[in-house]
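According to our numbering, the sequence shown is numbered sequentially starting from 2. Beta carbons are placed, not taken as given, at the ideal position from N, Cα and C, and that holds for glycine.
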Amino acid sequence: MEYRQLGKTDMRISTIALGCWGLVGDAHWGPRDEADSLATARAALDAGINFFDTAEAYGNGESEAVLGRALAGRRHEAIIASKVSDSNLAPDDVIKACERSLRQLNTDYIDLYQIHYANHTIPIADTAGALLRLKEQGKIRAVGVSNFGVQDLADILALVPCQSNQLPYSLIWRAIEYEIVQKCIQSGLGILAYSPLLHGLLTGRFASADEVPEGRARTRHFSRTRARTRHGQPGFEAETFATIERIRGISQTIGRPMAQVAIAWVLCQPDITSVIVGARNPAQVRENLPAWQLTLSAQTMRQLDEATSDLKQKLGTNPDLWQSQSRFR
């Protein structure tokens with residue numbers, strides 16, 4: 002496994018991280034077996050993955066609790082990232098949320114504590130003060146953010162040292178390329194890319210939008226008529242699946258699984274620190290691992306760019322996967 006420095010910290014994190022949302026059963030991922038979840042996290046650790054990303058919002062704390070149980074006796078081998086919800090960004094709520102996450106994770110400290118989404122009704126200076134207090138107390142080692150646009154990044158960087166921005170990024174979701182990536186690079190922030198397989202679409206598992214489970218067919222790729230969507234737009238279902246077919250063809254040409262190609266493409270982008278990949282069983286962990294060793298040629302990178310640029314343009318500059326009224330600012 003390859004390891005890269007997280008921002009300006011002394012932490013070196015695996016280039017593939019385990020995304021822990023899928024360790025819980027919910028409307029998005031469907032039911033799960035806890036034995037599989039525990040085995041998945043342990044298989045990741047055994048394979049050299051040392052970076053685990055979770056959040057208090059995942060399963061209302063259950064993802065943190067499962068991860069805590071999985072890492073029992075091996076906490077020292079892991080770097081844990083968790084997130085405080087945007088509803089808990091008032092100072093007292095930040096403190097309470099962190100202490101609750103510490104209990105769920107069964108640990109004395111969280112390595113990277115991230116703001117999940119900005120909350121523009123709460124002064125960022127108040128939130129930053131609480132995060133600094135937690136860092137001074139040793140309850141968190143570093144501060145990060147998630148889903149922050151350029152203005153929100155500028156605001157928090159003026160108040161607290163911030164090490165990373167966690168952003169949605171994949172071959173079929175490239176909106177952060179328009180301006181957020183450059184802001185992160187200029188600010189010395191690590192970029193943690195989530196949803197590199199876009200909830201399984203880039204595994205090749207689904208041949209059409211109608212095959213995608215209801216809980217996952219909610220991004221702006223899909224029609225507003227799909228259950229539980231929040232964006233109110235017509236979506237780009239035909240264009241999305243035509244793009245996936247082009248990616249599949251390129252992957253077949255180089256003789257590698259599409260999921261590995263999709264993850265490797267993200268890792269080949271400048272200044273990506275780690276790619277957060279979900280898994281629901283040890284087999285999925287093993288299937289994704291070879292991606293970190295896959296070097297895509299300049300020709301393949303060019304072909305993938307050409308295959309996905311039309312969809313990138315159609316989806317536009319809004320980096321919010323779920324909403325037409327972007328929460329990024």
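Nearest C-alpha to Asn61 among Arg281, Leu133 and Lys84: Lys84. Counting only residues of its own chain and dropping the five nearest sequence neighbours on each side, Val161 has a CB closer than 8 Å to the CB of Ala129, Leu132, Leu133 and Val144. Relative to Glu180, the option among Leu172, Glu240, Ile157 and Phe149 whose CA is nearest is Phe149. Measuring C-alpha to C-alpha distances from Glu3 to each of Leu39, Gly20, Ala218 and Asn51 identifies Asn51 as the nearest. According to the DSSP secondary-structure assignment, Ser86 is paired through a beta bridge with no residue. Membership of Ser64 in the alpha helix (DSSP H) is indicated by the continuous run Glu63 to Ala71. Phe223 places its beta carbon less than 8 Å from that of Thr230. Taking all protein chains in view, the Cβ of Asp321 is crowded by 16 or more other Cβ atoms within 10 Å, so the residue is classified as buried.
Cβ neighbours of Met12 within its own chain (closer than 8 Å, five residues either side excluded): Gln6, Ile80, Asp112, Leu113, Arg142 and Ala143. The straight-line gap separating the alpha-carbon atoms of Leu199 and Pro92 is approximately 33 Å. In the structure shown, Asp156 adopts helical secondary structure according to DSSP, grouped into three states. In this structure, Ala82 places its C-beta atom within 8 Å of the C-beta atom of Asp54. Spanning the alpha carbons of Ser102 and His117 requires a straight line of approximately 14 Å. Residue pairing from DSSP places Tyr4 in a beta bridge opposite Ser15. Of all C-beta pairs linking the region 209-224 to the region 310-326, three or more are shorter than 8 Å, placing the two stretches in contact. Taking 3 residues as the shortest admissible run, the region 252-282 contains the following complete beta strand (DSSP E) segments, listed from N- to C-terminal end: 273-279. The Cβ atoms of Gly279 and Gly20 sit closer than 8 Å to each other. Approximately 6 Å separates the beta-carbon atoms of Lys140 and Cys99; this is inside 8 Å, confirming the contact. Using a 10 angstroms sphere on the CB of Glu215, the tally of other CB atoms stays under 16, which defines it as exposed. Between Leu203 and Ile248, the CB-CB gap stays under 8 Å.
Comparing C-alpha distances from Ile123 to each of Tyr110, Asp94 and Val146 shows the shortest one belongs to Asp94.
DSSP places Pro169 in the strand class (E or B) of the three-state scheme. Take Arg43, set aside five residues on each side of it, and the residues of its chain with a beta-carbon closer than 6 Å to its own are Ala71, in chain order.
Straight-line spacing of the CA atoms in Glu35 and Phe207 works out to 25 Å.
Of the residues Thr309, Gln294 and Gly23, the one whose Cα lies closest to the Cα of Arg257 is Gln294. For the pair Lys313 and Ala299, the Cα-to-Cα distance works out to about 20 Å. Rounded to whole angstroms, Gln261 and Lys315 show a C-alpha spacing of 25 Å. Listed in chain order, the beta strand (DSSP E) runs fully inside the region 121-155 are 141-147, counting runs of at least 3 residues.
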